[in-house]
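Below is one structure, written out as structure tokens, with a few remarks after it.
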Amino acid sequence: MDGFSHPCNSMLWCHRLMLWRTGSYLMNPAVIGSCIGNSTLLVGNCAIMLAGLGAMNGWIVLSMMAMATSVYLSCHSLVLLIPAILLLRTKLNQHTAWIFLKALVLFLVFLTVLLLASAKMMGGRWDWIDRVYGSIIRMEDLRPNTGLHWYLFQSMFQEFRSLFLILCNFHLVWVTVPCSARYMEHPVMLWCCTLAAQACFKPTTSLADLGFYLPCLLMLAPYLEEIKLRVTAMSALLVACLSFPPSWSLWIHSGVGNANTFFTTTIVYNVAQIIIITGTARSYVKFFMDPLVEAPANKQDPCPGEQDENLRASTDKPALEQPPPPVLSDPIKQVQQDQLALARFHRIDASLGISLVRRKKVEPEGLKGLDQSELIQAVTRLEQVAGTPELLRKAIGDQLMQRMRNTETICDQAQLSSTQVLNYFEKRRIQVAKAGSSVTEYNKQAAEFIGCLERSFVQTQQAKVERLELNERAKKKSD
Numbered sequence: 005m006d007g008f009s010h011p012c013n014s015m016l017w018c019h020r021l022m023l024w025r026t027g028s029y030l031m032n033p034a035v036i037g038s039c040i041g042n043s044t045l046l047v048g049n050c051a052i053m054l055a056g057l058g059a060m061n062g063w064i065v066l067s068m069m070a071m072a073t074s075v076y077l078s079c080h081s082l083v084l085l086i087p088a089i090l091l092l093r094t095k096l097n098q099h100t101a102w103i104f105l106k107a108l109v110l111f112l113v114f115l116t117v118l119l120l121a122s123a124k125m126m127g128g129r130w131d132w133i134d135r136v137y138g139s140i141i142r143m144e145d146l147r148p149n150t151g152l153h154w155y156l157f158q159s160m161f162q163e164f165r166s167l168f169l170i171l172c173n174f175h176l177v178w179v180t181v182p183c184s185a186r187y188m189e190h191p192v193m194l195w196c197c198t199l200a201a202q203a204c205f206k207p208t209t210s211l212a213d214l215g216f217y218l219p220c221l222l223m224l225a226p227y228l229e230e231i232k233l234r235v236t237a238m239s240a241l242l243v244a245c246l247s248f249p250p251s252w253s254l255w256i257h258s259g260v261g262n263a264n265t266f267f268t269t270t271i272v273y274n275v276a277q278i279i280i281i282t283g284t285a286r287s288y289v290k291f292f293m294d295p296l297v298e299a300p301a302n303k304q305d306p307c308p309g310e311q312d313e314n315l316r317a318s319t320d321k322p323a324l325e326q327p328p329p330p331v332l333s334d335p336i337k338q339v340q341q342d343q344l345a346l347a348r349f350h351r352i353d354a355s356l357g358i359s360l361v362r363r364k365k366v367e368p369e370g371l372k373g374l375d376q377s378e379l380i381q382a383v384t385r386l387e388q389v390a391g392t393p394e395l396l397r398k399a400i401g402d403q404l405m406q407r408m409r410n411t412e413t414i415c416d417q418a419q420l421s422s423t424q425v426l427n428y429f430e431k432r433r434i435q436v437a438k439a440g441s442s443v444t445e446y447n448k449q450a451a452e453f454i455g456c457l458e459r460s461f462v463q464t465q466q467a468k469v470e471r472l473e474l475n476e477r478a479k480k481k482s483d
């Protein structure tokens, strides 16, 4: 999956997903209520949305200007800076240090301009910074809200206030920085989850935050099948949202309840959000990492002399003797799984196996004993199904063809053959080995990728034939 191409390439699926995201935001009661209440939080959310849009399209100036605006409005939005830079890095395809330096300079320039403009409006005084940002960091505003911090700082002993100020203000930083280092090849997931965590754990939250980040999580919709307790979490979230008005009325207006009445609802509300956020991250990571868990971690990639006789014998067998991979009985489920597998391999191939099992670096000479029979079989079968070089190029797809051109594997795409495809995978295996990733797992994923390409190509050709037959029947009926 190069850049940010969606794993489900079906136009119908993408159109439906776009409608779901748009509808879940525009028709969200929390967003409508914020608009009715004239909440200024919507301005900050608009800046964050522009920052993400600019980063995903590689518009570094727009992204950093919007990010500076969001930090100017809410200092806790600073945690989104690293995911935004990683989004720019993936789209611009430049060196990480150069992108980071350029984005940071632009961010600081725009933020400085906003601060200078504010200081000029205040008559050249700078004491407003302490009253605006300092009060937020020191948690001076303890009015009840949908967050957790107000009750904590109202109930604690003053001796522990400094400790909890550090914990609450830097909690997101301690989570974002390690996750950014570990999942820098998955910037969309990192951006969405950081945005959700920032909206959930900042000192002063509201229902507008919930209405803003939930549609953003739908960008990861194809990967969210493994979320546990999703029905329970969504039900608890709905019950908590409906319980806020009566619990507030019992405490403030009627005087029957107390702070614990409202805080109990707040706990349910935030726990449900935490389950959704962590479940989303876990489901996404499991999709990319789980197929690789079966690889034994205590073995290295095969080197000369380390292959057993059975493996050598299986390598010598003709490729076409091995049975094709099993196909699911449900064609729709098969298409969805194939699309996700294609997206997973594009991500692995573009990143040189960064998400594969880590190995000690293997020299290119150590790859000679690698079993390639499954991959050779898959590529040969795909060439036979395609029939011509032009159809083979269409079956392989533009993303892989672009990488083959970048590695100088093909000179004339009109003469594309299975030999050129295998040569590309040979070059890629050497690069994956030098990067310290598992070549065995890369080979396995490549064979599965070619098999998915074959099934997708056959389905596409069958759909074309059926469409032509329908057109011919319609012509005959009209005649």
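Numbered per the numbering used here, the sequence shown spans residues 5 to 483. Just so you know, even glycine gets a beta-carbon here, dropped at the ideal spot from N, CA and C.
Query raised in the report: In or out: W130 buried (at least 16 other Cβ within 10 Å) or exposed?
Result: As a working note, residue 130 is residue 126 in the sequence shown. With fewer than 16 Cβ atoms within 10 Å of its Cβ, W130 is classed as exposed.
Requested in this report: Can you say whether T464 is buried or exposed, counting buried as having 16 or more other CB atoms within 10 angstroms of its CB?
Outcome: By 1-based counting over the sequence shown, the position of residue 464 is 460. It is exposed - the Cβ of T464 has fewer than 16 other Cβ atoms within 10 Å.
**Report entry** First and last residue of the uninterrupted alpha helix (DSSP H) at N4
**Finding:** Absent from the structure is residue 4, since the part of the chain shown begins at 5 and ends at 483.
Report task. Compare the Cα-Cα distances from S38 to each of N262, L211, P250, Q277 and report the closest residue. Result -> On the sequence shown, residue 38 is found 34 positions in, with the first residue counted as 1. The option with the nearest alpha carbon to S38 is L211.
Requested in this report: Determine the closest residue to Y217 out of L120, M69, V181, T284, with distance taken between C-alpha atoms.
Outcome: Mapped onto the sequence shown, residue 217 falls at position 213. Per the Cα distances, T284.
Query raised in the report: Are the stretch 87-98 and the stretch 61-78 in contact at 8 Å, needing three or more beta carbon pairs?
Result: yes
**Report entry** Pair within 8 Å by beta-carbon distance, T209 and N149
**Finding:** Counting from 1 along the sequence shown, the entry for residue 209 is found at position 205. Counting from 1 along the sequence shown, the entry for residue 149 is found at position 145. In this structure, N149 lies closer than 8 Å to T209 by Cβ.
Query raised in the report: Count the other CB atoms within 10 Å of the CB of E476; is the residue buried (16 or more) or exposed (fewer)?
Result: Here residue 476 is taken as the residue at index 472 of the sequence shown, counted from 1. Classification of E476: exposed, given that the 10 Å Cβ count is below 16.
Query raised in the report: Grouping DSSP H, G and I as helix and E and B as strand, with all else coil, what is S377?
Result: As a position in the sequence shown, residue 377 is number 373, starting the count at 1. S377: helix per DSSP, three-state reduction.
Query raised in the report: So is K487 buried or exposed if we call it buried at 16+ other beta carbons inside 10 Å?
Result: Within the shown structure, residues of the chain are numbered from 5 to 483, placing residue 487 beyond reach of any answer.
Query - Chain-order list of residues whose beta-carbon lies under 6 Å from that of Q158 (same chain, five-residue window excluded) - result: Start at 1 with the first residue of the sequence shown, and residue 158 comes out as number 154. Once the five neighbours on either side are set aside, the close Cβ partners of Q158 are L146.
Query - Three-pair Cβ contact test at 8 Å for the stretch 118-135 versus the stretch 173-182 - result: no
Query raised in the report: If you follow the alpha helix (DSSP H) that P445 is part of, which residue opens it and which one closes it?
Result: The sequence position of residue 445 within the sequence shown is 441, counting from 1. The displayed chain sequence assigns Glu, not Pro, to residue 445. E445 -> alpha helix (DSSP H) spans 443-482.
Requested in this report: Verify whether the separation of the beta carbon atoms of Y187 and F291 is less than 8 Å.
Outcome: Walking along the sequence shown from the start, residue 187 turns up at place 183. Walking along the sequence shown from the start, residue 291 turns up at place 287. The answer is no: Cβ separation not under 8 Å.
Query raised in the report: Where does T411 fall in DSSP's three states?
Result: Here residue 411 refers to the residue found at position 407 of the sequence shown. Note: T411 maps to coil in three-state DSSP.
Query raised in the report: Is P571 helix, strand or coil when you go by DSSP?
Result: The chain is shown from 5 up to 483; residue 571 falls before or after that span and cannot be answered.
**Report entry** Span separating the alpha-carbon of F248 from that of I256
**Finding:** Working through the sequence shown from its first residue, we reach residue 248 at position 244. Working through the sequence shown from its first residue, we reach residue 256 at position 252. C-alpha separation (whole angstroms): 12 Å.
Query - Nearest candidate by alpha-carbon position, reference I271, set F111, I40, F205 - result: In the sequence shown, residue 271 corresponds to position 267, counting from 1. It is F205 whose Cα lies nearest to the Cα of I271.
Query raised in the report: Are the beta-carbon atoms of E233 and I279 separated by less than 8 Å?
Result: For this step, residue 233 is matched to residue 229 along the sequence shown. For this step, residue 279 is matched to residue 275 along the sequence shown. A quick correction: the sequence has Leu, not Glu, at residue 233. In contact: L233 and I279 (Cβ atoms closer than 8 Å).
Query raised in the report: Under 8 Å, do A55 and S74 count as touching if we go by C-beta distance?
Result: Along the sequence shown, read from residue 1 onward, the residue named residue 55 stands at position 51. Along the sequence shown, read from residue 1 onward, the residue named residue 74 stands at position 70. Closer than 8 Å, so yes.
Query raised in the report: Using the C-alpha atoms, what's the distance from T268 back to Y155?
Result: Reading the sequence shown from its first residue, position 151 is the one you call residue 155. Reading the sequence shown from its first residue, position 264 is the one you call residue 268. Those two C-alpha atoms are separated by around 11 Å.
Query - Reduced DSSP secondary structure (H/G/I, E/B, other) of G138 - result: By one-based count along the sequence shown, residue 138 stands at place 134. Correct three-state label for G138: helix.
Query raised in the report: Would you say N173 and I133 are within 8 Å of each other, going by their C-beta atoms?
Result: In the sequence shown, counting from the first residue as 1, residue 173 sits at position 169. In the sequence shown, counting from the first residue as 1, residue 133 sits at position 129. No, the Cβ-Cβ distance between N173 and I133 is not below 8 Å.
Requested in this report: Decide yes or no for the touch test of the stretch 436-452 against the stretch 379-398: beta carbon pairs closer than 8 Å, at least 3 of them.
Outcome: yes
Query raised in the report: In whole angstroms, what separates the C-alpha of Q424 from that of R397?
Result: If you number the sequence shown from 1, residue 424 lands on position 420. If you number the sequence shown from 1, residue 397 lands on position 393. Rounded to the nearest angstrom, the two C-alpha atoms are 11 Å apart.
Query raised in the report: Considering only the beta carbon of each residue, do V83 and L176 sit closer than 8 Å?
Result: In the sequence shown, counting from the first residue as 1, residue 83 sits at position 79. In the sequence shown, counting from the first residue as 1, residue 176 sits at position 172. Contact: yes.
Query raised in the report: Taking just the CA atoms, how far does L241 sit from M126?
Result: As a first step, residue 126 must be located in the sequence shown, where it is residue number 122. As a first step, residue 241 must be located in the sequence shown, where it is residue number 237. So the alpha carbons of these two residues sit roughly 42 Å apart.
Report task. Check each candidate in I281, D402, C456 and name the one with the smallest Cα separation from P219. Result -> Taking the first residue of the sequence shown as position 1, residue 219 is located at position 215. Checked all of I281, D402, C456; the closest Cα to P219 is I281.
Requested in this report: State the start and end residues of the unbroken alpha helix (DSSP H) segment that holds Y227.
Outcome: Counting from 1 along the sequence shown, the entry for residue 227 is found at position 223. It is not in any alpha helix (DSSP H) - Y227 carries neither H nor E in the DSSP assignment.
Query raised in the report: A107 and L91: beta carbons closer than 8 Å?
Result: As a working mapping, residue 107 is identified with position 103 in the sequence shown. As a working mapping, residue 91 is identified with position 87 in the sequence shown. No, Cβ-Cβ distance for A107 and L91 is not below 8 Å.
Query raised in the report: What distance in whole Å lies between the Cβ atoms of G215 and A70, which are believed to be in contact at a cut-off of 8 Å?
Result: Here residue 70 is taken as the residue at index 66 of the sequence shown, counted from 1. Here residue 215 is taken as the residue at index 211 of the sequence shown, counted from 1. In fact, because the Cβ distance is near 19 Å, the residues do not count as touching under 8 Å.
Query raised in the report: Taking just the CA atoms, how far does A390 sit from A478?
Result: Numbered from its first residue, the sequence shown carries residue 478 at position 474. Numbered from its first residue, the sequence shown carries residue 390 at position 386. Using only the alpha carbons, I get a separation of about 29 Å.
**Report entry** Cβ-Cβ separation, H153 to M160 (assumed contact under 8 Å), whole Å
**Finding:** Along the sequence shown, one-based indexing puts residue 160 at 156. Along the sequence shown, one-based indexing puts residue 153 at 149. So it is not a contact: roughly 11 Å between Cβ atoms.
Report task. Tell me, to the nearest whole angstrom, how far the beta carbon of Q277 is from that of H80; I am working on the premise that it is less than 8 Å. Result -> Walking along the sequence shown from the start, residue 277 turns up at place 273. Walking along the sequence shown from the start, residue 80 turns up at place 76. In fact, because the Cβ distance is near 16 Å, the residues do not count as touching under 8 Å.
Query raised in the report: Between K431 and T411, which are expected to be in contact by the criterion C-beta below 8 Å, what is the C-beta distance as a whole number of angstroms?
Result: Indexing the sequence shown from 1 puts residue 431 at position 427. Indexing the sequence shown from 1 puts residue 411 at position 407. Their Cβ separation, rounded to whole angstroms, is 5 Å, which keeps K431 and T411 in contact under 8 Å.
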